[in-house]
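*Asks:* Take our numbering: the final residue in the sequence shown is number 284, and no numbers are missing along the way.
Just so it is clear, CB atoms sit at the ideal spot from N, CA and C, and this is done for glycine as well.
Keep in mind that this is a model prediction, so the values were computed, not measured.
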Amino acid sequence: MYKILEKKGLTVNQTLYKVEAPHVAEKVQPGQFVIIRAFENGERIPVTPVRWSKEEGWVDLIVLTRGKTTKRMEVELQEGGYLLDIAGPLGNPAEHFSGKKILAIGIMTGLVEVYPIAKMWKEEGNTLITLHVTPEPLLFMQEEFESFSDKHIIDAYPMTETWIPDLGVHAVDSVKKIMEEDKPDMVFIVGPTEVQYAVFNVVKEYGVEMEVDLHPIMVDGTGMCGACRVTVGGEVKFACVDGPSFDAYKVDFEELISRNNFYLDKEQFSMKLYLESIQGGAQ
Ligand code: FES
């Protein structure tokens, strides 16, 4: 059991949980993630620690409410309560670089994962341009990014009904502008696969190196279940043990997009039932 030391709503649907997890805080490195389980028989959710203290033994997790389990977390978990499990750290740490001009992009809550990596790259002697593309009500971490980025660019726009296409349109426009004006020599992006693919199609026109953090459906996080299978360079890879970061030029984005959407209907149905149960006062 992992005690929730602090719970704070950051935006309309992003919640910070500061959790006592000394074994994670001791070992985690930028680029790695954990898999949490909040409830008995509950779903396992991959989350990237945004900050941690080795000395004090805690990690900060920021969770986007997007399905039944994350909604239950938002409603039912409180400060002083507990997460059932935290497995990790999992995945490979981010690579080390110096002397590069890097554009690091966070799409909506993807910014969480960018934070420890971009900060590390800045400390290692790279020039860092960071970009956050998001609907305005979900804008967050502005001061944190401004504190270390050479330039932090925000593309925030009013909330719309069509999330992914609008994120894609904004991301593509902003990235085109940055590629022309700032001429980065490496691009890194965390966000929905559809948006990563749209941005990749811009970046490849410039022949610039690009890394993507992939987020397929995950179950065990140890390479055993096969749920996070992705095709990279024509080979089968598992995002949890071979990634999560991959060379964008080698990723089969179209296959990944269709796999990611496989359970969408079931997720939405399950969320609907949960909302009806809490609104109706049941259980
Ligand atoms: S999550 Fe099971 S193989 Fe990666």
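Among all the DSSP beta bridges, which residues are the ones paired with L62?
*Replies:* Y18 and P50
*Asks:* Exposed or buried, G234, counting other C-beta atoms within 10 Å across all chains shown (16 or more means buried)?
*Replies:* exposed
*Asks:* Does the stretch 69-81 touch the stretch 147-163, meaning 3 or more C-beta pairs lie closer than 8 Å?
*Replies:* no
*Asks:* Mind checking F201: buried by the 16 CB within 10 Å criterion, or exposed?
*Replies:* buried
*Asks:* Nearest-angstrom Cα distance between A283 and E77?
*Replies:* Here A283 scores only 42 on pLDDT, less than 50, and its place in the model is too uncertain to base an answer on.
*Asks:* I'd like to confirm something about V220: is its beta-carbon nearer than 7 Å to some heavy atom of the ligand FES, or not?
*Replies:* yes
*Asks:* What whole-angstrom Cβ distance do T12 and P138 have, given they're in contact under 8 Å?
*Replies:* With 8 Å as the limit, T12 and P138 qualify as a contact, their Cβ atoms being about 6 Å apart.
*Asks:* Would the stretch 126-133 count as touching the stretch 79-89 if we require 3 or more Cβ pairs under 8 Å?
*Replies:* no
*Asks:* Short check: CB of P31 to CB of M121, under 8 Å?
*Replies:* yes
*Asks:* Give me, in chain order, the residues of the same chain whose beta-carbon lies closer than 8 Å to that of K102; leave out the 5 immediate sequence neighbours on both sides.
*Replies:* N127, T128, I130, D183, K184, P185, D186 and M187
*Asks:* Measuring only the C-alpha atoms, how far is R73 from S99?
*Replies:* 42 Å
*Asks:* On the criterion of 16 or more Cβ atoms from any shown chain inside 10 Å, does V237 qualify as buried, or is it exposed?
*Replies:* exposed
*Asks:* Can you tell me whether DSSP reads D57 as helix, strand or coil?
*Replies:* Residue identity differs from the one stated: residue 57 is Glu in this sequence, not Asp. Looking at E57 - three-state DSSP - the assignment turns out to be coil, as it is neither helix nor strand.
*Asks:* The alpha helix (DSSP H) spanning F201 covers which residue range?
*Replies:* T194 to Y207
*Asks:* Between the stretch 221-235 and the stretch 193-212, are three or more C-beta pairs nearer than 8 Å?
*Replies:* Under the Cβ criterion (8 Å, minimum of three pairs), the stretch 221-235 does not count as touching the stretch 193-212.
*Asks:* Does DSSP classify M74 as helix, strand or coil?
*Replies:* helix
*Asks:* Enumerate in chain order the residues of its own chain whose CB-to-CB distance from A249 is below 6 Å, with the five nearest sequence positions on each side excluded.
*Replies:* The beta carbon of A249 lies closer than 6 Å to those of F201, M211 and V213 in the same chain, with the five residues before and after it left out.
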